[in-house]
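Colleague: Each protein sequence line maps, in turn, to chains A and B.
Residue numbering for the first sequence follows my numbering, starting at 110 and increasing by one per position.
Residue numbering for the second sequence follows my numbering, starting at 110 and increasing by one per position.
No residue lacks a Cβ here, since even glycine has one placed at the ideal position from N, Cα and C.
Predicted, not measured: the structure shown is a model, and the values here were computed from it.
There are 2 protein chains.
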Amino acid sequence: MIRMTKQADYGIVLMTLMASHQEQWFNATEVATEAGLPQPIVSKILKLLARGGLLSSQRGVKGGYSLSREPARITVAQIITALDGPIAITECIDDSPGECSQEPICPVRGNWQRINQAIRLALEEITLAEMTHPIAPGLVTLGGRGRAAGAELG
Amino acid sequence: MIRMTKQADYGIVLMTLMASHQEQWFNATEVATEAGLPQPIVSKILKLLARGGLLSSQRGVKGGYSLSREPARITVAQIITALDGPIAITECIDDSPGECSQEPICPVRGNWQRINQAIRLALEEITLAEMTHPIAPGLVTLGGRGRAAGAELG
DNA sequence: CGATTTAGGACCGAACCGGTCCTGATTCCT
DNA sequence: AGGAATCAGGACCGGTTCGGTCCTAAATCG
């Protein structure tokens, strides 16, 4: 139901975990045990995050991963994109014509972008830094001024 | 990749279609041919939309469906919810404790709500009325002030 | 040179999605 | 009253994709 994949889900957990620790470098096993997730999965995800430029990686015996920049400059949108590909909840993405058989008929067309855009924006405005905050219960629970609050922090 | 189901996708198309026509009542076959989608699918979707209270239905030989209220008062969020269930892109939904094995460990917990909330809000602010507008290309394409524009339209 | 760690990708089972179909209930028309 | 049309509500099934595992390179440290 409008779900992202578990990879992305886990990815956010792992990134949050790394962001909220003092250490700079972590290896996969370390992160896995910390998160209580199977090691192979964690490995896979960290690889993808590194490939996406969100983590720096170091091979070799004392190798590992570290955030490639400060948590305030990493957004949830970026994490999801790195793991699940471009953020678009609809089948028609942006302007790739010809792919949609409904093209001449479809009454929505460009309007999908409204939706995708809205989602994308919402996720771009949540930073990893915010995710490490224990959450101020009064702020976000309802009314959703969470985004505004985030902007203030930024 | 953070996709909603095709049902919801189609649902939005169908609703937009109905909203942008003059007629009040449509039967399933009519809508299906108009949208260029297989009739059984359309039937299924309209049923769900009716059950969700977004369409009024009339049985019998001259029966059919019609929007249960004006398009400006129907949101994309409502359509998706009717077809795909509650809007939550993460595995952990709100406060249903015990379901998540990670509960004691998970460093994000309530922070998922931030994300889900953001998505929900974004989709609640897109009305069916807006979807019928051919889209003003300068407004939404980038910068995403689409939501603000929508608010102005009221 | 050997141990450790990431890189990259092949691979498989299971769950979920998309789509079809069938059987009832309701209403209109003759 | 009876038949036709239309919605209501499921059961059902095949295919795709996701979740997870595993194996083989490449790099780095001691």
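Buried or exposed: which applies to Glu-239 (chain A), given that a residue is buried once 16 or more other Cβ atoms fall within 10 Å of its Cβ?
Modeller: In the first sequence, the residue the question calls residue 239 (chain A) occupies position 130. Buried, because 16 or more other Cβ atoms sit within 10 Å of the Cβ of Glu-239 (chain A).
Colleague: Glu-143 (chain A): which of A:Gly-161, A:Val-122 and A:Arg-160 sits nearest, CA to CA?
Modeller: For the purposes of this step, residue 143 (chain A) is taken as the residue at position 34 of the first sequence. That would be A:Val-122, whose Cα lies nearest to the Cα of Glu-143 (chain A).
Colleague: Go ahead and pull the three-state DSSP assignment for Gly-162 (chain A).
Modeller: As a position in the first sequence, residue 162 (chain A) is number 53, starting the count at 1. Residue state, collapsed to three classes: coil.
Colleague: By alpha-carbon positions, which one of B:Ala-231, B:Ala-197, B:Ile-235 and B:Leu-158 ends up nearest to Asp-118 (chain A)?
Modeller: Reading the first sequence from its first residue, position 9 is the one you call residue 118 (chain A). For Asp-118 (chain A), the nearest C-alpha among the options comes from B:Ala-197.
Colleague: If you scan the region 120–185 of chain B from start to end, which runs of the beta strand (DSSP E) of 3 or more residues do you find wholly inside it?
Modeller: Runs of the beta strand (DSSP E) inside the region 120–185 of chain B: 164–167 and 173–176.
Colleague: Express the C-alpha separation of Val-140 (chain A) and Ala-227 (chain A) in angstroms, rounding to a whole number.
Modeller: Numbered from its first residue, the first sequence carries residue 227 (chain A) at position 118. Numbered from its first residue, the first sequence carries residue 140 (chain A) at position 31. For Ala-227 (chain A) and Val-140 (chain A), the distance between alpha carbons rounds to 33 Å.
Colleague: Any C-beta of chain B sitting closer than 9 Å to the C-beta of Lys-156 (chain A)?
Modeller: In the first sequence, counting from the first residue as 1, residue 156 (chain A) sits at position 47. False, the Cβ-Cβ gap to chain B never drops below 9 Å.
Colleague: If we ignore side chains and look at the alpha-carbon of each, how far apart do Met-124 (chain B) and Ala-186 (chain A) end up?
Modeller: Here residue 124 (chain B) is taken as the residue at index 15 of the second sequence, counted from 1. Here residue 186 (chain A) is taken as the residue at index 77 of the first sequence, counted from 1. Between Met-124 (chain B) and Ala-186 (chain A), the C-alpha separation is close to 29 Å.
Colleague: Compile a chain-ordered list of the residues in the region 179–198 of chain A whose CB is closer than 8 Å to at least one CB of chain B.
Modeller: Answer in chain order: Val-185, Ile-189, Asp-193, Gly-194, Pro-195, Ile-196, Ala-197 and Ile-198.
Colleague: Just to confirm, are Leu-237 (chain A) and Ile-154 (chain A) a CB contact at a threshold of 9 Å?
Modeller: Numbered from 1 along the first sequence, position 128 holds the residue referred to as residue 237 (chain A). Numbered from 1 along the first sequence, position 45 holds the residue referred to as residue 154 (chain A). Their beta carbons are not under 9 Å apart, which means Leu-237 (chain A) does not touch Ile-154 (chain A) by this criterion.
Colleague: Of all the residues that make up the region 137–167 of chain A, which are near chain B by a beta-carbon distance shorter than 9 Å?
Modeller: Answer set for the region 137–167 of chain A: Glu-143, Ala-144, Gly-145 and Leu-146.
Colleague: Bridge partners for Glu-236 (chain B) per DSSP, in chain order?
Modeller: What you label residue 236 (chain B) is simply residue 127 of the second sequence in a count that begins at 1. Residue identity check: residue 236 (chain B) is Thr in the sequence provided, not Glu. Paired residues: B:Thr-184.
Colleague: Could you tell me which chain A residues have their CB closer than 7 Å to the CB of Leu-176 (chain B), listed as they occur along the chain?
Modeller: Walking along the second sequence from the start, residue 176 (chain B) turns up at place 67. None at all; the shortest Cβ gap to chain A is about 15 Å.
Colleague: So with Cβ pairs under 9 Å, would you call Gly-169 (chain A) a contact of chain B?
Modeller: Position 60 of the first sequence, counted from the start, is the residue given in the question as residue 169 (chain A). No, Gly-169 (chain A) lies away from the interface with chain B (no Cβ there is under 9 Å from its Cβ).
Colleague: Just verifying my parser: in three-state terms, what is the DSSP assignment at Arg-229 (chain B)?
Modeller: Here residue 229 (chain B) is taken as the residue at index 120 of the second sequence, counted from 1. Of the three classes helix, strand and coil, the one that applies to Arg-229 (chain B) here is helix, per DSSP.
Colleague: Find the nearest neighbour of Lys-171 (chain A) within the set A:His-130, A:Asn-136, A:Thr-199 and A:Met-113, judged by alpha-carbon distance.
Modeller: What you label residue 171 (chain A) is simply residue 62 of the first sequence in a count that begins at 1. The shortest Cα separation from Lys-171 (chain A) among A:His-130, A:Asn-136, A:Thr-199 and A:Met-113 belongs to A:Asn-136.
Colleague: With a Cβ-Cβ cutoff of 9 Å, do Thr-199 (chain A) and Asn-225 (chain A) count as a contact?
Modeller: For the purposes of this step, residue 199 (chain A) is taken as residue 90 along the first sequence, with counting starting at 1. For the purposes of this step, residue 225 (chain A) is taken as residue 116 along the first sequence, with counting starting at 1. Yes, the pair counts as a contact, with Cβ atoms nearer than the cut-off.
Colleague: Taking 7 Å as the limit between beta carbons, can you name the residues of its chain near Pro-180 (chain B), skipping five residues before and five after?
Modeller: One-based indexing of the second sequence puts residue 180 (chain B) at position 71. Hits under 7 Å: Ala-128, Thr-236, Leu-237, Ala-238 and Thr-241.
Colleague: Between the Cα of Thr-138 (chain A) and the Cα atoms of A:Ile-150, A:Gln-131 and A:Glu-132, which residue gives the shortest distance?
Modeller: Along the first sequence, one-based indexing puts residue 138 (chain A) at 29. Considering only alpha carbons, the answer is A:Ile-150.
Colleague: Name the chain B residues whose beta carbon is nearer than 8 Å to that of Leu-232 (chain A)?
Modeller: By one-based count along the first sequence, residue 232 (chain A) stands at place 123. Here the neighbours are Ile-224, Ala-227 and Ile-228.
Colleague: For Arg-223 (chain B), is the classification buried or exposed, using 16 other Cβ atoms within 10 angstroms of its Cβ as the cut-off for buried?
Modeller: Position 114 of the second sequence, counting from 1, holds the residue named residue 223 (chain B). The residue is buried, with at least 16 neighbouring Cβ atoms inside 10 Å.
Colleague: If the cut is a Cβ gap below 8 Å, which residues of chain A does Glu-239 (chain B) touch?
Modeller: Along the second sequence, read from residue 1 onward, the residue named residue 239 (chain B) stands at position 130. The answer, in chain order, is Asn-220 and Arg-223.
Colleague: Looking at Ala-159 (chain B): is its Cβ nearer than 9 Å to the Cβ of Leu-230 (chain A)?
Modeller: Along the second sequence, read from residue 1 onward, the residue named residue 159 (chain B) stands at position 50. Along the first sequence, read from residue 1 onward, the residue named residue 230 (chain A) stands at position 121. Not a contact, by the Cβ cut-off of 9 Å.
Colleague: Exposed or buried, what is Gly-120 (chain B) when buried is set at 16 or more other beta-carbons lying within 10 Å of its beta-carbon?
Modeller: Locating residue 120 (chain B) in the second sequence gives position 11, where the first residue counts as 1. Buried, since its Cβ has 16 or more Cβ neighbours within 10 Å.
Colleague: Indicate whether at least one CB of chain B lies closer than 9 Å to the CB of Glu-132 (chain A).
Modeller: Position 23 of the first sequence, counted from the first residue, corresponds to residue 132 (chain A). No - not a single Cβ of chain B is within 9 Å of the one on Glu-132 (chain A).
Colleague: Thinking C-beta only, is Ser-175 (chain B) closer than 9 Å to Ser-165 (chain B)?
Modeller: For this step, residue 165 (chain B) is matched to residue 56 along the second sequence. For this step, residue 175 (chain B) is matched to residue 66 along the second sequence. It is a contact, given that the beta carbons lie within the stated cut-off.
Colleague: So, helix, strand or coil for Ala-197 (chain B), using DSSP?
Modeller: In the second sequence, residue 197 (chain B) corresponds to position 88, counting from 1. Here Ala-197 (chain B) sits in coil by DSSP.
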